[in-house]
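**Student:** Let me give you the structure first, and then I'll get to my questions.
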Amino acid sequence: MSAMPPSPSLLDLAPVVPVVVVEDAADAVPLARALISGGLPAIEVTLRTPAALDAIRAIAAEVPDAVVGAGTVIAPAQVTECMAAGARFLVSPGWTDALLDAMRASGVPFLPGVSTTTEVVALLERGVREMKFFPAQAAGGTAYLRSLAGPLPQARFCPTGGIGPVNAPEYLSLPNVGCVGGTWMIPADAVGARDWGRVEALARQAAGLGRSG
Numbered sequence: 007m008s009a010m011p012p013s014p015s016l017l018d019l020a021p022v023v024p025v026v027v028v029e030d031a032a033d034a035v036p037l038a039r040a041l042i043s044g045g046l047p048a049i050e051v052t053l054r055t056p057a058a059l060d061a062i063r064a065i066a067a068e069v070p071d072a073v074v075g076a077g078t079v080i081a082p083a084q085v086t087e088c089m090a091a092g093a094r095f096l097v098s099p100g101w102t103d104a105l106l107d108a109m110r111a112s113g114v115p116f117l118p119g120v121s122t123t124t125e126v127v128a129l130l131e132r133g134v135r136e137m138k139f140f141p142a143q144a145a146g147g148t149a150y151l152r153s154l155a156g157p158l159p160q161a162r163f164c165p166t167g168g169i170g171p172v173n174a175p176e177y178l179s180l181p182n183v184g185c186v187g188g189t190w191m192i193p194a195d196a197v198g199a200r201d202w203g204r205v206e207a208l209a210r211q212a213a214g215l216g217r218s219g
């Protein structure tokens, strides 16, 4: 039996991954549709609210073009819950051996969080080459990632934390950055007003950042 072709890298789906905090699960589907219409198909729903799993479940069921994932995954039990809800990728702010084992066993792409060179080397030792760099700005920003590219070129990152439309292009220009995560295309006032047209316009601008360099 021939092997299945490798899945496209999560880091290559779009230049920006929206990091979404859903307060009301009823907003999940229209929000996801607005982001996709703007050119951002990979959507990270963070496990920071009681509505998060219902939001992932709704997007997975009703928005087939979305690649919906779960963020702020910090415990192996959450991996099981997210997979049951339909998550297609997992993101953690940091990692432990137990969490890494659970994410690997899920069978979906995952981005364990790192903020130090030692953490990066430890993941490379375990065969993991794609990581979340968090909190990006506080942990050294583009200067830190640029310094890692020389000794550790095999590691690729999705920086998240303190990234917006002004500094995102600088991150995206780095050879070891595949995409960035951010919230600027889903401002709270737009979501609160259910102004999905504004969300779509901001998403379109964010998607265009990947074509600027």
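To get the numbering used here, take the position in the sequence shown, counting from 1, and add 6. Even for Gly, the Cβ is constructed at its ideal location relative to N, Cα and C.
#1: At 3 residues or longer, and completely inside the stretch 55 to 113: list those beta strand (DSSP E) runs for me, N to C.
#2: Does the stretch 109 to 120 come close enough to the stretch 148 to 155 to have 3 or more Cβ pairs within less than 8 angstroms?
#3: Quick one, which of Y177, I192, F95 has its alpha-carbon nearest A48's?
#4: For I42, name the three-state secondary structure that DSSP assigns.
#5: Inspect the beta-carbon positions of L53 and Q84 and report whether they are closer than 8 angstroms.
#6: Relative to the C-alpha of A32, which candidate in P82, I62, E176 has its C-alpha closest?
#7: Between the alpha carbons of T166 and K138, how many angstroms are there, rounded?
#8: How about A108 and P141: do their beta carbons lie closer than 8 angstroms?
#9: According to DSSP, is E131 part of a helix, a strand, or is it coil?
#10: I think G216 touches P21, with their Cβ atoms under 8 angstroms apart; what is that distance to the nearest whole Å?
#11: Alpha carbon to alpha carbon, how far is D18 from A199?
#12: Only counting the same chain, and skipping five residues up and downstream in sequence, which positions put a Cβ closer than 7 angstroms to that of T55?
#13: Please return the same chain residues whose Cβ sits closer than 7 angstroms to the Cβ of V25, not counting the five positions on each side in sequence.
**Tutor:** So, from the listed chains and residues:
#1: Correct list: 73 to 77.
#2: With a cut-off of 8 angstroms, the stretch 148 to 155 and the stretch 109 to 120 do not count as touching, because too few Cβ pairs lie within range.
#3: Working through the sequence shown from its first residue, we reach residue 48 at position 42. For the residues Y177, I192, F95, the minimum Cα distance to A48 belongs to F95.
#4: The count along the sequence shown starts at 1 and reaches residue 42 at position 36. Of the three classes helix, strand and coil, the one that applies to I42 here is helix, per DSSP.
#5: To locate residue 53, count along the sequence shown from 1; it is residue 47. To locate residue 84, count along the sequence shown from 1; it is residue 78. Yes, Cβ-Cβ distance for L53 and Q84 is below 8 angstroms.
#6: Taking the first residue of the sequence shown as position 1, residue 32 is located at position 26. For A32, the closest alpha carbon among the candidates P82, I62, E176 is that of I62.
#7: Your numbering for residue 166 matches position 160 in the sequence shown. Your numbering for residue 138 matches position 132 in the sequence shown. Distance between the alpha carbons of T166 and K138 is about 7 angstroms.
#8: Reading the sequence shown from its first residue, position 102 is the one you call residue 108. Reading the sequence shown from its first residue, position 135 is the one you call residue 141. Cβ distance not < 8 angstroms, so A108 and P141 don't count as in contact.
#9: Walking along the sequence shown from the start, residue 131 turns up at place 125. Correct three-state label for E131: helix.
#10: Indexing the sequence shown from 1 puts residue 216 at position 210. Indexing the sequence shown from 1 puts residue 21 at position 15. At roughly 3 angstroms, the Cβ-Cβ gap stays under 8 angstroms, so G216 and P21 are in contact.
#11: In the sequence shown, the residue the question calls residue 18 occupies position 12. In the sequence shown, the residue the question calls residue 199 occupies position 193. Each residue's Cα considered, the two are about 31 angstroms apart.
#12: Working through the sequence shown from its first residue, we reach residue 55 at position 49. Same-chain partners within the cutoff: V27, V28, E29.
#13: Counting from one through the sequence shown, the residue named residue 25 turns up at place 19. Within the same chain, E50, T52, G77, T166, G187, G188, T189 come within 7 angstroms of V25 by CB-CB distance, once the 5 residues on both sides are set aside.
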